[in-house]
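A.B. asks:
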Amino acid sequence: MRKTILMAIAVFTMIACKKEETKEIAVVQTENFKSFGDSITAEGVISKEELLAKFETLKEGDTVEVKFRSEIKDVCQKKGCWMNMSLNEDKNTFVRFKDYSFFMPLNAAGSEAIVNGKAFISVETVEELKHYAKDAGKSQEAIDSITEPKVSYSFLSDGVLIKE
């Protein structure tokens, strides 16, 4: 009986002194996005700097399929039918939406977004530039100062993710 009691005490002591194993849990941050247009994912995204490098190799008529991530600089304030996204401090890309089948929230400026579609170089006429300036809410003086066409980096998007 004494042996059994001593054995039980030894077993309980060993169990009580057993070193607790700690497991490290990797914290994976997930980003939440609101989706517009075709359903797209955040995978395979290139940076705005990589897109700018691609634009600099294009000539008028060339297109490249790409998905990139950047900040929305401004959005059409009438219905959200276009937006400008930053490529660097001085350059933006003008984003329109395929077949005008979806629009951006009017308050999306300043948000981070992922855009999927076709990048290309375009030449915008004076009439188009004045229309876009009016949509952006520019002053009449600013609209009247537009007198020459502009070569710009353009993007036709089929899907957009805006970070929530």
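Numbering-wise (numbering that gives the first Met the number 0), the sequence shown opens with residue 0 and increments by one.
By construction, the Cβ of each residue, glycine as well, lies at the ideal position given by its N, Cα and C atoms.
Label GLY116 either buried or exposed according to how many other C-beta atoms from any shown protein chain fall within 10 Å of its C-beta, with 16 as the threshold for buried.
C.D. replies: The residue in question, GLY116, is buried, as its Cβ has 16 or more Cβ neighbours within 10 Å.
A.B. asks: Would you report the Cα separation of THR62 and LYS133, rounded to the nearest angstrom?
C.D. replies: Going by the C-alpha atoms only, they are around 28 Å apart.
A.B. asks: Entirely within the stretch 28–62 and at least 3 residues each: give me those beta strand (DSSP E) ranges in chain order.
C.D. replies: Fully enclosed beta strand (DSSP E) runs of 3 or longer: 32–36.
A.B. asks: For ASP143, count the other beta carbons within 10 Å of its own beta carbon; 16 or more makes it buried, fewer makes it exposed. Which is it?
C.D. replies: ASP143 comes out exposed.
A.B. asks: Going by beta carbon distance, what residues of the same chain come within less than 6 Å of GLU70, once the five residues before and after it are set aside?
C.D. replies: So the list reads SER85 and GLU111, once near-sequence residues are dropped.
A.B. asks: Tell me the DSSP secondary structure of LEU200 in three-state form.
C.D. replies: Lying outside 0 to 163, the shown extent of the chain, residue 200 is not represented and no answer is given.
A.B. asks: Any idea what DSSP makes of ASP98, helix, strand or coil?
C.D. replies: Helix.
A.B. asks: Taking just the CA atoms, how far does GLU140 sit from LEU50?
C.D. replies: Distance between the alpha carbons of LEU50 and GLU140 is about 33 Å.
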